[in-house]
Amino acid sequence: MRRFWWIVLAALFACLVPATAVAHMGHDRPKLEVGKRPPAPRDGPRGRAAVTLADGPLKLQRTADGSYVGGFELKNTGDGPLQIYRVAVRSEEEGGIRPPVGMGIQTLPKATAVLGPGESRLYNVVWRADQTPANQAFAQVVVVTDAAAPGAKEFDPPLFLGVVADRRPLIFRHVLSLAIFLPLLVAIGAVISRSRPTWGERALRLGASAFTVIPLALAAIPLLAFARGLGREGGNDGLQFIERFSLGGLDISFAVDGLTAPMLPIPALVLIAGIQGAKGGQVARFCLFAAPLATATVLLLASQTLIVLAVALVATALFAVMLGTARGEDGRLLPASARLLVAGVIASSAFLWLTHHLARAAPEVVSLDGKTTTTAALLPDVARELLHGHVAPGELLGLPLVNGIVALAIVCAAALSFAAPFHRLGADLAAELDAAHAALIVACLSLAGAFVLLRFGVLLSPDAARWASPAVAIVGLVTVLGAVASAAIEPDLRRLAGVLPAAAGGFSWLAASSLTPQGLQGAVAISVSRPLAAALLVLLAGALVSRTGEASLARWGGFGRTAPRMAGALLLALTSSACIPGGGAFWGAWLGLVGAVGRAPAIGLCFAIGLGASALVHARLWSLIAGRPEPSWEQSPALEPFGGKVPDLRLGSERAWAFVLIAPLVLLTLAPRSWLGVSNQVVLDALPYIDPPGPTQVATVSEPDAPKLPATFPG
672 MRRFWWIVLA ALFACLVPAT AVAHMGHDRP KLEVGKRPPA PRDGPRGRAA VTLADGPLKL
732 QRTADGSYVG GFELKNTGDG PLQIYRVAVR SEEEGGIRPP VGMGIQTLPK ATAVLGPGES
792 RLYNVVWRAD QTPANQAFAQ VVVVTDAAAP GAKEFDPPLF LGVVADRRPL IFRHVLSLAI
852 FLPLLVAIGA VISRSRPTWG ERALRLGASA FTVIPLALAA IPLLAFARGL GREGGNDGLQ
912 FIERFSLGGL DISFAVDGLT APMLPIPALV LIAGIQGAKG GQVARFCLFA APLATATVLL
972 LASQTLIVLA VALVATALFA VMLGTARGED GRLLPASARL LVAGVIASSA FLWLTHHLAR
1032 AAPEVVSLDG KTTTTAALLP DVARELLHGH VAPGELLGLP LVNGIVALAI VCAAALSFAA
1092 PFHRLGADLA AELDAAHAAL IVACLSLAGA FVLLRFGVLL SPDAARWASP AVAIVGLVTV
1152 LGAVASAAIE PDLRRLAGVL PAAAGGFSWL AASSLTPQGL QGAVAISVSR PLAAALLVLL
1212 AGALVSRTGE ASLARWGGFG RTAPRMAGAL LLALTSSACI PGGGAFWGAW LGLVGAVGRA
1272 PAIGLCFAIG LGASALVHAR LWSLIAGRPE PSWEQSPALE PFGGKVPDLR LGSERAWAFV
1332 LIAPLVLLTL APRSWLGVSN QVVLDALPYI DPPGPTQVAT VSEPDAPKLP ATFPG
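Using the working numbering, the letters of the sequence shown map in sequence onto residues 672 to 1386.
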């Protein structure tokens, strides 16, 4: 009998342990409320509330039934009674992170709402993970009581408690960190190779390329495993593959959404192509600066911490300048290097200024650890506050604060993405630098500029985006006109290959300026395909010039029959860069045109004319493939070993970089939905804000449960 009572007491004790209280603490609910708190504290002794929890947010653990549970203790540390009025999962309308579906609170049945001095109560936070496709849960619990200091006329602020849960396999929990920082080992290998001449440049080229496949595969995981139907309504601010940790008291966060997931593999792809295409004798130097450039670009795309974003963009500009530094015989910087330095300084200065004011734009942000801060550390926190109109008063550049931030984003994006007045910078880089160096710089900076434009210039603040859309359209139009005009009279093959992709960048600006779902998806599509097409064009132009030493277009023509593989690669690069059918950017241009016509027919007309003009100047390179062969080639000393004919893509490095860039462009052409379909949800999330009801509304989703807009990409 005594043994029986011991078992009963043990069972009762188990019911009081938070981690195992699920079966005994009643049903979980989003909030537990008991009445309304009076306007002022009572007279006499007062209670004080404290939460007993280890450092950091509450980490939920998986239980036998598949749910995730974590417990915390609320204790009265004051001299008087403590009335508990509300314990709830904080909602987005209250300024918190929207939790995933299935998050709730549990406490003991029939528990009193009043705690005496020294008394405590146990609560469980429960996440029913089977109710949502989300693999992670980030939320905050708010506790409202009548706690007040002795003699105080106001209540203590509510208590906030961060909650996290992760049901991903352990090997997938640090995918982004590894994808970001693993390329740095390529730079370390380049340093070591300089002290080990016996290794040889060939070994470095092969080893660096093979190793970069690992971060490429890691960067592709968020794209392939992205839950495409999960947006802001599904919780976690629409972010996936979230990694959060504290470093020196700073909240560091990496994550991707529908905007950045399709961009993430691009730097690694172009890095592999650049390693294979680097000129002999320069592979070590290329790896030394190219690998950190790729790392900084991916860090910019994945980081959600404002200070890390600023560091990443400055590092992207810095390593691009270092990779592109070249001096003439007099020891001075070549014009391309000097102009690249100017563009990098402008972009870095604008972005540092932007992030400085952005951190102060959202007052009293509650971090995940429950602390209230006067400056925001994370971009999602700021974006959430701006979305609900909680903006600190102030001005920037003589404009309302948020408008000034968007204006700085436009300046930064223009300097990075080779938009006007920097549209000729790509031509200078392609002509004065080694082709591999120029290709990686153009690709990474184009991607970074597109990201800054879309993230900070369009999606950050819908009201400011509508205010800035005419300026974005003007920059796009001027960029297209400038690029087309320059390409129409450019006699140099390498310069022509460098300036042509600037027109595609202008089309992405025009598409984004429409502020329509079609326009936004079109801008994303062009932003993904443009770096690949630009890198392929620059590398092909460099390979052609290296065969004969001749860069003049007048001396080129008709190599399609003797070099069919190179001709096919050039044709794909041209169609992708020109945004015409058969190219990876065509679907983006088509959607951008549809969005522009629906919003502003005049802009749509200019868009269509620009596409036609761009196709015509791209056709100048068609003569290289289908024109008459140059008669002087038969006597060319450079082509004498090849019978006076232009040789095709060589086995080894040339075919390697061509394949690395051609394969994704073919995929973007034939099955764009497989890559770009992840952007559907981020566009749908922004739709109610950037395309509000009115006479110019292009698309709508009338009810929360209404069917989603049809897929806009084929394949």
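Where is the CB? At the ideal position from N, CA and C, for every residue including glycine.
Values in this document were obtained by computation on a predicted structure and should not be read as measured data.
Runs of the alpha helix (DSSP H) lying entirely within the region 807 to 892 and spanning at least 4 residues, in chain order: 846 to 852 and 855 to 866. D922: member of the beta strand (DSSP E) spanning L921 to V927, first to last residue. The continuous beta strand (DSSP E) containing N795 extends over residues S791 to W798. Cβ atoms of G909 and Q1352 come within 8 Å of each other, at about 7 Å. Between I943 and T883, the C-beta gap is smaller than 7 Å, which places the two residues in contact. Taking 7 Å as the cut-off, the Cβ atoms of A720 and A819 do not count as close.
When secondary structure is reduced to three states using DSSP, A1085 falls in the helix class. DSSP, reduced to helix, strand and coil, places P771 outside both helices and strands of the structure shown, so it counts as coil.
Here R713 is exposed. Its C-beta has fewer than 16 other C-beta atoms within 10 Å.
With fewer than 16 other CB atoms across the displayed protein chains lying within 10 angstroms of its CB, P1308 is exposed. Beta-carbon to beta-carbon, G952 and L989 are separated by about 24 Å, too far to satisfy the 8 Å threshold.
Runs of the alpha helix (DSSP H) spanning 4 or more residues and lying entirely within the region 1154 to 1220 occur at 1164 to 1184 and 1188 to 1219, in chain order. Only buried fits F1122, as 16 or more other CB atoms lie within 10 angstroms of its CB. Separation of A962 and I776 (C-alpha to C-alpha, rounded to the nearest whole angstrom) is 47 Å. Here T996 carries a coil assignment [DSSP, helix/strand/coil]. Membership of A1244 in the alpha helix (DSSP H) is indicated by the continuous run P1235 to A1249. Between F916 and I923, the C-beta gap is smaller than 7 Å, which places the two residues in contact. Residue burial annotation: H1059 is exposed, with fewer than 16 other C-beta atoms found within 10 angstroms of its C-beta. Around the beta-carbon of I851, 16 or more other beta-carbon atoms lie within 10 Å, marking it buried. Separation of A1054 and R1201 (C-alpha to C-alpha, rounded to the nearest whole angstrom) is 27 Å. Per DSSP, the beta-bridge partners of A721 are K746. Excluding five sequence positions before and after R844, none of the CB atoms of its chain fall closer than 6 Å to its own CB. In the structure shown, Q777 falls within a strand segment according to DSSP collapsed to helix, strand and coil. Exposed is the label assigned to G706, since fewer than 16 other Cβ atoms lie within 10 Å of its Cβ. The region 1118 to 1132 makes no contact with the region 1155 to 1167; the number of CB pairs closer than 8 Å stays below 3. Assignment of Q802 by DSSP, reduced to helix, strand and coil, places it in the helix class.
One alpha carbon belongs to W1258, the other to L1338, and they sit about 12 Å apart.
Within 10 angstroms of the beta-carbon of G1283 lie fewer than 16 other beta-carbons, which makes it exposed. When beta bridges are read from the DSSP output, T1044 appears opposite V1036. Secondary structure of E1311 (DSSP, three-state): helix.
Per the DSSP secondary-structure output, T1150 pairs with nothing in a beta bridge. By the 16-neighbour rule on beta-carbons within 10 angstroms, T1045 is exposed. In this structure, L901 and P804 form a Cβ contact; the two beta carbons are roughly 6 Å apart against a cut-off of 8 Å. Taking the Cα positions, R956 is about 15 Å away from G878. Across the set A1114, A1234, P1034 and L1181, the C-alpha of L1181 shows the shortest separation from the C-alpha of A1139. Contact annotation, A1205 with V1146: C-beta distance approximately 18 Å; criterion of less than 8 Å not satisfied.
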